[in-house]
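Written out below as structure tokens is the structure these notes cover.
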């Protein structure tokens, strides 16, 4: 069995971690980056690419470049969030027959689980290439406020990628696990997690090795992408003011502006102002071009985005209010997610809690590190830390008059199991339809439907006499199973909530088989990138010393090195992996030979 890994599957970026001894280390991608853009694309020549490579070609191939998939997973097509994100992305989001979401990639439709599964295969291949062995178990993180459908969909994506997903855990909780060795004092800790697409606040009670989440709230449609969108709106407004042209409907231009806006936003976390320059943004019919160039200051950015920051503070207040805790009772505030680096957020949190947030951990890596630690905790390979998480939303069933009967309350510690007794509402009723819901509204129609199932075969009798036990069970992944039993007959019917896509086990198996077809191809792509980088590095080293100390080398070696350099120049332009690896071995041998000759020469 290979190494177990933890994956922070983010909206904007993802991160992979594994344990080496007691340390949670980060798996870099072949280019050496520690965080990997959560982007995939299919190029014009039908090649599937991921991460930085996919992000770099987004502007010229926006129709077939998929990003922000985490915001779509587990949602219905008619939700307002989908309409909003549809304005920002270049690819097509279409409605499936059952009202779910399908993504169009190279004229083929995929479920959100399939798209996430493709990206997870890429992450798995990166990990296996780097570690030199097949991975073992995987823990994947999700926002604390993800509902059951979104958690199920994430688990299915892992299965599509051929992973053994042993646990789905909440991102703030994972971050606290990573932070654990820095905790010197028992008490209440607040984890403020503002990522690329989602926000969570979790209040965790720490008592020795017991970490108990006591309150959690969040917004699965509030994150760094929304901050970027505000900068985009400002740019488009300025363009329209200066040129009277509205470019918002041009999807290729929108993708270009989004990338520039994100870069400007990041720069303003370190500088007071930045120059936004977008040449050739528009070509007029008279042959002239419009070039956008304008300064954006940090105070202006803060004015654009203060409503978002205030929303996070309101959620913190509500989360503390749920457990009757005052801000000053919080021992420490831990920042998670790339967007939490924004200076005004640090300032506002310092003012609210009366103390500055802790910045001892990397907010973009901590979640993956905590997931890797949790993978080893499950296996019993690290210290026995007891993690008690909670369900973010209440669960129950629909009753007469569009009422919502809560069976498990929000912030209940998981895993948990609870039963409530119901009865029939008409005489001689032999079937009861159970409508499972999740949410906080008093009306059934105001909450999210997780599914339906029927309990049949109830003996005919007067209404109100049958006793039907409805049991909700939530496992450690936060995934729900519901059962109903007629107490008189013992008849039982149960359901495990299916993800929004409604993918059957057979469909999932087929998708896994299809994904495996790309698996070897993706591994070869990663091998190609790795070999080219290594060969180029060796080639540059050999050329450096060869050009400076050519007179120190024997004539026959000079001729061979000249030929090798020429062959390498051509090989780096091609895609022959075997040739690259052959040249890499030769280049390493010549580097060693040159080093030994020079060492002997200069030690005389």
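Residue numbers (this note's numbering): 835 to 1438.
Where is the CB? At the ideal position from N, CA and C, for every residue including glycine.
Specify, as a first and last residue, the run of the alpha helix (DSSP H) that residue i falls within.
{"i": "residue 936", "result": "Unbroken run through residue 936 is the beta strand (DSSP E), 935-939; no alpha helix (DSSP H)."}
{"i": "residue 1404", "result": "1389-1405"}
{"i": "residue 1041", "result": "Residue 1041 -> not in any alpha helix (DSSP H); beta strand (DSSP E) instead, spanning 1033-1041."}
{"i": "residue 1073", "result": "1058-1077"}
Assuming residue i and residue j are in contact, meaning their beta carbons sit under 8 angstroms apart, how far apart are those beta carbons, in whole angstroms?
{"i": "residue 1278", "j": "residue 1302", "result": "Actually they do not touch by this definition, with Cβ atoms about 17 angstroms apart."}
{"i": "residue 1063", "j": "residue 922", "result": "6 angstroms"}
{"i": "residue 803", "j": "residue 1053", "result": "Outside the modelled stretch of the chain, which goes from 835 to 1438, sits residue 803, for which no answer is possible."}
{"i": "residue 1087", "j": "residue 1130", "result": "In fact, because the Cβ distance is near 18 angstroms, the residues do not count as touching under 8 angstroms."}
{"i": "residue 965", "j": "residue 837", "result": "5 angstroms"}
{"i": "residue 896", "j": "residue 1089", "result": "4 angstroms"}
{"i": "residue 1099", "j": "residue 1126", "result": "Actually they do not touch by this definition, with Cβ atoms about 16 angstroms apart."}
{"i": "residue 1209", "j": "residue 971", "result": "6 angstroms"}
{"i": "residue 925", "j": "residue 935", "result": "Not a contact, Cβ separation roughly 12 angstroms."}
Start and end of the beta strand (DSSP E) containing residue i?
{"i": "residue 1308", "result": "1302-1308"}
{"i": "residue 1053", "result": "1044-1053"}
{"i": "residue 1290", "result": "1282-1290"}
{"i": "residue 840", "result": "839-842"}
{"i": "residue 1110", "result": "1107-1117"}
{"i": "residue 1089", "result": "No beta strand (DSSP E) holds residue 1089; the alpha helix (DSSP H) holding it covers 1085-1101."}
{"i": "residue 884", "result": "882-884"}
{"i": "residue 1314", "result": "1314-1320"}
{"i": "residue 1128", "result": "1123-1131"}
{"i": "residue 1262", "result": "Looking at the DSSP string, residue 1262 is not in any beta strand (DSSP E), and its letter there is neither H nor E."}
{"i": "residue 857", "result": "857-860"}
{"i": "residue 848", "result": "847-854"}
{"i": "residue 942", "result": "942-944"}
{"i": "residue 876", "result": "873-876"}
Compare the C-alpha of residue i against each of the options and name the closest.
{"i": "residue 849", "options": "957, 880, 935 and 902", "result": "957"}
{"i": "residue 1038", "options": "1252, 1249, 1316 and 1245", "result": "1245"}
{"i": "residue 1043", "options": "1014, 1060, 969 and 1366", "result": "1014"}
{"i": "residue 919", "options": "930, 929, 906 and 910", "result": "906"}
{"i": "residue 1227", "options": "1240, 1234, 1233 and 1219", "result": "1240"}
{"i": "residue 1253", "options": "1243, 1262 and 909", "result": "1243"}
{"i": "residue 1076", "options": "929, 1128, 1141 and 885", "result": "1128"}
{"i": "residue 787", "options": "1111, 1059, 901 and 868", "result": "This structure gives no information on residue 787, because the portion of the chain shown stretches from 835 to 1438."}
{"i": "residue 1069", "options": "1093, 999 and 1367", "result": "1093"}
{"i": "residue 1041", "options": "1023, 1323 and 1058", "result": "1023"}
{"i": "residue 1107", "options": "1175, 1153, 1133 and 1118", "result": "1133"}
{"i": "residue 1405", "options": "990, 1194, 1370 and 1281", "result": "1370"}
{"i": "residue 1109", "options": "1119, 1117 and 1095", "result": "1095"}
{"i": "residue 1073", "options": "1091, 1415, 1059 and 1060", "result": "1091"}
{"i": "residue 959", "options": "1126, 1390, 1363 and 1139", "result": "1363"}
{"i": "residue 894", "options": "904, 878, 1083 and 1196", "result": "878"}
{"i": "residue 1196", "options": "1172, 939, 1289 and 1381", "result": "1172"}
{"i": "residue 985", "options": "1216, 1309 and 1219", "result": "1309"}
{"i": "residue 1222", "options": "1236, 1248 and 1169", "result": "1248"}
{"i": "residue 1021", "options": "1166, 1105 and 1379", "result": "1166"}
{"i": "residue 967", "options": "852, 912, 1011 and 989", "result": "852"}
{"i": "residue 1299", "options": "1312, 1430, 1320 and 929", "result": "1320"}
{"i": "residue 1261", "options": "1296, 1424, 1271 and 927", "result": "1296"}
{"i": "residue 1065", "options": "1083, 1102, 1079 and 1036", "result": "1102"}
Determine, for residue i, whether the minimum Cβ-Cβ distance to residues of chain D falls below 8 angstroms.
{"i": "residue 1016", "result": "Protein chain content of the structure displayed is limited to a single chain, and chain D is not contained in it."}
Contact the stretch 1157-1176 vs the stretch 1048-1060: 3+ CB pairs below 8 angstroms: yes
Completely contained alpha helix (DSSP H) runs for the stretch 1171-1248, where each covers 4 or more residues: 1177-1187 and 1200-1212
At least three beta-carbon pairs within less than 8 angstroms, the stretch 970-979 to the stretch 1003-1020: yes
Cβ pair count under 8 angstroms reaching 3, the stretch 1389-1405 against the stretch 1413-1421: yes
4 or more residues per run - each alpha helix (DSSP H) lying fully within the stretch 896-934: Whole alpha helix (DSSP H) segments, 4+ residues: 914-922.
Contact between the stretch 838-855 and the stretch 1030-1040 (3+ Cβ pairs under 8 angstroms): yes
Cβ contact (3+ pairs, closer than 8 angstroms) linking the stretch 1199-1208 and the stretch 856-875: yes
Ordered list of alpha helix (DSSP H) runs contained in the stretch 996-1031, each at least 4 residues: 1005-1013
Unbroken stretches of the alpha helix (DSSP H), 4 residues or longer, contained in the stretch 1141-1166: none
Every unbroken beta strand (DSSP E) within the stretch 955-1000, with a cutoff of 3 residues, ordered by chain: Fully enclosed beta strand (DSSP E) runs of no fewer than 3 residues occupy 971-976 of the stretch 955-1000, in order along the chain.
Validate contact between the stretch 875-893 and the stretch 908-916 using beta carbons, cut 8 angstroms, 3 pairs: With the cut-off at 8 angstroms, the stretch 875-893 and the stretch 908-916 do not touch.
Contact the stretch 867-874 vs the stretch 989-1002: 3+ CB pairs below 8 angstroms: In short, these stretches do not touch, since the Cβ pair count stays below three.
Validate contact between the stretch 1182-1192 and the stretch 936-956 using beta carbons, cut 8 angstroms, 3 pairs: Segments in contact, no.
Stretch pair the stretch 1301-1316 + the stretch 1269-1289: three plus CB contacts closer than 8 angstroms: yes
The stretch 1287-1306 in contact with the stretch 1208-1227 per 3-pair CB rule at 8 angstroms: With a cut-off of 8 angstroms, the stretch 1208-1227 and the stretch 1287-1306 do not count as touching, because too few Cβ pairs lie within range.
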